Amino acid sequence: MGKLSKLIKYLLSRPPEARFEEISYVLEAFGYQETRVRGSHHAFENEQGEVIIIPKKGGKKVKRTYIEETIRLLDLENWQDEN
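The sequence shown: position 38 = 58 (the numbering used here), numbered continuously.
Here's what the structure looks like:
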């Protein structure tokens, strides 16, 4: 099991918080690039123009709400079933 698979499995457990670097790694693996930073809010955009805003709590953590939004946007539950 590679790093990406382990991170996705961890995110699917819906932890109360995750490190920003973990969310960023997963988004970038699915073709998103960080396009803008305003304070603690980081915007990621893919080639189709879909944007997701991920705010960092305390400069390092991401709350469960944004973890769930990432799971939904990337359809990680189906991705895990396929891989």
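Where is the CB? At the ideal position from N, CA and C, for every residue including glycine.
Since this is a predicted model, take the numbers as computed values, not measurements.
{"Query": "Residue interval of the beta strand (DSSP E) (run including R58)", "Result": "53-58"}
{"Query": "Buried versus exposed, by CB contacts within 10 Å (16 or more), H61", "Result": "exposed"}
{"Query": "Which of helix, strand or coil DSSP assigns to V40", "Result": "Looking at the sequence shown, residue 40 is not Val but Phe. Here F40 sits in helix by DSSP."}
{"Query": "Inter-residue spacing [alpha-carbon to alpha-carbon] between A49 and S25", "Result": "11 Å"}
{"Query": "Three or more C-beta pairs below 8 Å linking the segment 27-39 and the segment 63-71", "Result": "no"}
{"Query": "Residues near K83 by beta carbon distance below 7 Å, same chain, minus five either side", "Result": "E37, K77"}
{"Query": "Continuous beta strand (DSSP E) stretch holding K81: start and end", "Result": "81-83"}
{"Query": "As assigned by DSSP and simplified to three states, the class of E48", "Result": "helix"}
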